[in-house]
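Residue numbers (full-length UniProt numbering): 1 to 269.
Take a look at the structure:
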């Protein structure tokens, strides 16, 4: 059966109080998970302005539409033939939100390091999902067009701005390396997946990468995690998963807070 989106019960107007371990079991809907999207990279990645040196994602209802510690019955977990979805022991299937694979490729091409900060109570399942779910080859999901070509031309200059990024952050730009790979391989800034405050997660990410907090952009679906902003992190709240539109808005908010001005035409793009 196709992957389903699992909604959060009683959170149609607010999700700030929802989270793992709340004791409420979300109800499943028949809404299919968004199909994998194909698109050119957005101009915000190639406009010559600074980008955050690290982008950090929550997992549940941010990268994928479920709570891994509530909805996934396992182990064992089994991937389908192309590793685009994973089935648990009951046969229920799970996958990323549709834009996530191209977002991971786009950030990697731009020289941005990528991390995870998740307080799930099933860290082993979360890591296993990231190992079993594969991101398709870049050429199959990132459209080849003017925006994409511009981004490839500018990625080296952005890497100079982000001069502490590891080389692995740009390895996806090599055509001979254009192949499907495990999602977990994209998270070169580290995986902080365990029950804790997001503050502790970011302390660990900062210690590992030496990237200043004000050079980090965080995407999460729970407003309570804005407490990370006391560190200097910019958090962007996503209501229903990561999309390119949300990523662009988050980057622009990070720029605004860091005093980086965009030309009006760019800001409206």
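Note that the Cβ used here is the ideal one computed from N, Cα and C, for glycine as well.
Query: Under 8 angstroms: do the stretch 65–85 and the stretch 211–220 share three or more Cβ pairs, one atom per stretch?; Result: no
Query: Helix, strand or coil for residue 182? Go by DSSP, reduced to three states.; Result: strand
Query: Can you give me the start and stop residues for the beta strand (DSSP E) that residue 118 sits inside?; Result: 113–118
Query: With a Cβ-Cβ cutoff of 8 angstroms, do residue 116 and residue 192 count as a contact?; Result: yes
Query: Which one of 106, 233 and 76 has the shortest CA to CA distance from residue 128?; Result: 76
Query: Determine the direct distance from the alpha carbon of residue 243 to that of residue 198, and round the result to whole angstroms.; Result: 22 angstroms
Query: Can the beta-carbon of residue 96 be found less than 8 angstroms from the beta-carbon of residue 64?; Result: yes
Query: Give the DSSP-derived three-state secondary structure of residue 253 in the structure shown.; Result: helix
Query: How far does the alpha helix (DSSP H) with residue 55 in it extend, from its first residue to its last?; Result: Here residue 55 belongs to no alpha helix (DSSP H); instead the beta strand (DSSP E) covers 54–57.
Query: Report the option in 258, 110, 253 and 235 whose CA atom is closest to the CA atom of residue 41.; Result: 110
Query: Would you call the stretch 79–91 in contact with the stretch 221–232, where contact means no fewer than 3 C-beta pairs closer than 8 angstroms?; Result: no
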